[in-house]
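Peer 1:
Protein chains: 2
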Amino acid sequence: MTLPHPNTDQISLPIVLGVLGDPTRLAIVRYLASKQGVPLNCSQFLDLGSKTNLSYHLAKLREAGVTRAEVVGTNRMITLRRADLDARFPGLLDSVIAAAGDDPALPAVGGHDLEVSA
Amino acid sequence: MTLPHPNTDQISLPIVLGVLGDPTRLAIVRYLASKQGVPLNCSQFLDLGSKTNLSYHLAKLREAGVTRAEVVGTNRMITLRRADLDARFPGLLDSVIAAAGDDPALPAVGGHDLEVSA
DNA sequence: CCAATTGTTCAATAACTTTTGAACTAAGGA
DNA sequence: TCCTTAGTTCAAAAGTTATTGAACAATTGG
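For the record, the sequence lines run as chains X and H. Using the working numbering, the first residue of the first sequence is number 1, and each one after it goes up by one. Using the working numbering, the first residue of the second sequence is number 1, and each one after it goes up by one.
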């Protein structure tokens with residue numbers, strides 16, 4: 001019932017960077033950051049791709065250790081692993097989120113601009 | 001005689017992250033950082049791959065705006081675009097270099113550990 | 001129980017990336 | 001001029017990633 005996640009010390013820098021080097025996944029991370037820790041389910045990202053495709057991208061983010069997914073009923077509640085990433089790679093996630101915050105080239109959920117908290 | 005480089009404002013976050021999400025290229029960036037701005041030519045990275053393969057990876061880094069290559073005779077002198085990256089994505093390169101600094105999973109030039117300046 | 005909702009898995013395909021060797025260009029030194 | 005050094009380019013092969021639709025599982029509500 002619980003999904004596999006890497007431990008904090010298993011999170012790999014090149015894998016994290018590679019996973020974030022995709023516009024859809026960067027948009028997911030930006031949107032999660034803008035929600036300041038409030039868990040979101042997959043359906044809230046449907047603007048960014050098909051259900052199947054989001055399942056794929058969200059699994060990549062989870063397996064890389066960027067997000068955590070908790071099973072709640074039929075939902076997977078998704079959060080950013082901010083504290084874990086900051087412990088492992090200090091400052092990295094914040095600078096990525098800040099840089100993504102004002103990037104009009106990234107896809108956006110809802111089509112409107114975001115107030116991103118870095 | 002000069003090679004193509006993106007302007008600072010043309011540097012793209014997902015492209016930079018994608019390019020850094022490769023162990024060989026991350027090792028190149030780490031080694032450049034450890035040399036604190038001293039330009040290196042391609043041959044100094046031969047521990048990381050074949051000449052052809054390095055030419056490929058160094059072109060990726062240059063085209064992404066991570067490095068600058070200056071033609072000096074038959075050499076391409078390569079430096080990190082620290083100031084440009086810091087202007088465009090404040091803190092990003094420093095946190096990547098710091099995180100890569102103590103990563104034994106990354107390949108290393110010379111086989112010995114590096115004093116990385118972040 | 002039945003239907004709707006949420007999300008995964010699978011197989012296929014398309015697209016991209018990495019790596020290789022051989023051939024090449026361009027500059028520099030003997 | 002000839003040889004060496006430095007690096008690129010090309011085409012092929014191998015591997016990886018992204019995207020899709022159809023089928024599937026699991027939970028919830030009526």
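Idealized CB from N, CA, C, for every residue including glycine. All values derive from a computational prediction rather than experimental measurement.
1. By the three-class DSSP mapping on this structure, what secondary structure does Leu3/X have?
2. Using 8 Å as the threshold, is the stretch 37 to 47 of chain H in touch with the stretch 22 to 30 of chain X, meaning 3 or more CB pairs across them?
3. According to DSSP, is Val16/X part of a helix, a strand, or is it coil?
4. Sorted by chain position, which residues of the same chain lie with C-beta nearer than 7 Å to Asn75/H's C-beta, five sequence neighbours on each side aside?
5. Return the chain-ordered list of same chain residues with a C-beta closer than 7 Å to the C-beta of Arg81/X, the five sequence neighbours on each side being excluded.
6. Please decide whether Ser34/X counts as near chain H, where near means a Cβ-Cβ distance under 8 Å.
7. Along the stretch 6 to 35 of chain H, where does the CB come closer than 9 Å to a CB of chain X? Name the residues.
8. For the 8 Å Cβ check, are there 3 or more pairs between the stretch 5 to 16 of chain H and the stretch 48 to 65 of chain H?
9. Just curious, the beta strand (DSSP E) that Asn41/H is in, first and last residue?
10. Provide the residue span of the alpha helix (DSSP H) that contains Ile28/X, from first to last.
11. Using three-state DSSP, classify Thr79/H as helix, strand or coil.
12. Return the residues of the stretch 49 to 70 of chain X that lie within a Cβ-Cβ distance of less than 9 Å from chain H, sorted by chain order.
13. Using a Cβ cut-off of 7 Å, pull out every chain H residue sitting near Asp103/X, in sequence order please.
14. What is the residue span of the alpha helix (DSSP H) that Glu63/H lies within?
15. Return the residues of the stretch 82 to 100 of chain X that lie within a Cβ-Cβ distance of less than 8 Å from chain H, sorted by chain order.
16. Do Leu13/H and Leu26/X count as a contact pair if the criterion is CB distance below 8 Å?
17. Assuming contact is defined by CB atoms lying nearer than 8 Å, are Ser95/X and Leu92/H in contact in what I supplied?
Peer 2: Let's see:
1. coil
2. no
3. helix
4. Asn41
5. Gly65, Val66, Thr67, Arg68
6. no
7. Ser12, Leu13, Pro14, Ile15, Val16, Leu17, Gly18, Val19, Leu20, Gly21, Asp22, Pro23, Arg25, Leu26
8. yes
9. No beta strand (DSSP E) holds Asn41/H; DSSP gives it neither H nor E.
10. 23 to 34
11. strand
12. none
13. Leu13
14. 51 to 64
15. Arg88, Phe89, Pro90, Gly91, Leu92, Asp94, Ser95, Val96, Ala98, Ala99, Ala100
16. yes
17. yes
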